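If you read the first sequence in the working numbering, its first letter stands for residue -19, the second for the next number, and so on. Quick reminder that beta carbons are idealized off the backbone N, C-alpha and C, glycines included. Everything numeric in this text was worked out from a predicted model, so none of it was measured. I have placed the structure first, in the form of C-alpha cells, so that the comments after it can refer back to it.
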Amino acid sequence: MANDNISKIEAVVRRIPAGKVATYGQIATLAGLPGNARQVGAVLGNLPDDSGVPWHRVVNSLGRISERGSGTSEGLQRHELLFEGVVFSDSERIDLSVYQWKHKK
DNA sequence: GTTATGACCCAAA
DNA sequence: GTTTGGGCCATAA
C-alpha cells in the first residue's frame, strides 16, 4: 500500500534534527525505498499541513532547494533553514559536507 | 493497459 | 563542485 510508504518517509524526515538537511535518496534508502527518491518528493507534495514533517529540511543531492516551482514557498525553505542555523552558500546552496544529516546508528 | 510526468539519483565529462 | 544524459518507481489521465 502506498500509504504505508508515506508513513515510513514521514518517520525518516521527522528524525532529521534541526540545523541539518537530508537528501531524497538518503531518505528513500532509510525509508526502505532504494532508488525511489522521486516518490519521496511526491509524498512530500502530498503531505498534509498537519503532518508535522519538516519537508524544508529535505533537499536534493547538491544541497539545492527543491520546491514545486510554482512560487509555492519561493524562499520559505531557505528562511526556515536559516532560522534553524543552517548556512547557505552563495547561490542558495547548502554545504552538505557540514549540514548533511548523518543518521549513523 | 499504455502513455506521460515528476519537490530525484548516479555516472561520466 | 557543477552540468549533461540516462534510468528507476509510482501516480495520474
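Cα atoms of R18 and Y4: separation of roughly 8 Å, rounded to the nearest angstrom. If you look at G15, you'll find it isn't in any alpha helix (DSSP H); DSSP assigns it neither H nor E. Burial is judged here by how many other beta carbons sit within 10 angstroms of a residue's own beta carbon; G43 has at least 16 and is buried.
Between A11 and I(-4), the beta carbon gap of about 12 Å keeps them out of contact (Cβ cut-off 8 Å).
The C-alpha of W81 is placed about 17 Å away from the C-alpha of S69. The distance from the Cβ of N40 to that of S46 is about 5 Å, consistent with a contact at the 8 Å cut-off.
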